[in-house]
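Heads up: the structure comes next, in structure tokens.
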């Protein structure tokens, strides 16, 4: 990648939420994904998260990085990612990623 930008924690506390839709749309805008099948992919583009929801952070900790071929686009994307992350002072109850099992006969809670 020709350009990269780090997203740093805004405050001490915990990562409360990361807006996955905004992250996905930002990835498309930097060229890491496609809006249509005719769009090209920038193989240098990407978003990497060092922290996840529930992790403790100190102001200034690296939370994520954005990289790509155009410095202006990368910086705008990093600003969008920074806005998609929310923090809180108290510990976060992290929801389970798996909530149900689906079998051929039923749906059962995990």
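In my numbering, the protein residues as written are 386 to 495. From the three backbone atoms N, C-alpha and C, an ideal C-beta is built for every residue, glycine too.
**Prompt:** Who are residue 494's beta bridge partners in DSSP?
**Reply:** Among the bridge pairs identified by DSSP, residue 494 is matched with 485.
**Message:** Can you tell me which residues form a DSSP beta bridge with residue 446?
**Reply:** According to DSSP, which records beta bridges pairwise, residue 446 is partnered with nothing at all.
**Request:** For residue 478, count neighbouring Cβ atoms within 10 angstroms of its own Cβ and tell me buried if that reaches 16, exposed if not.
**Result:** With fewer than 16 neighbouring CB atoms inside 10 Å of its own CB, residue 478 falls in the exposed class.
**Asked** In the DSSP assignment, what are the bridge partners of residue 433?
**Response** Per DSSP, 450.
**Message:** Looking at residue 399: is its Cβ nearer than 9 Å to the Cβ of residue 473?
**Reply:** With respect to the 9 Å criterion, residue 399 and residue 473 are classified as neighbours on the basis of their beta carbons.
**Asked** Which residues mark the beginning and the end of the beta strand (DSSP E) in which residue 402 is found?
**Response** Here the beta strand (DSSP E) through residue 402 covers 398-403.
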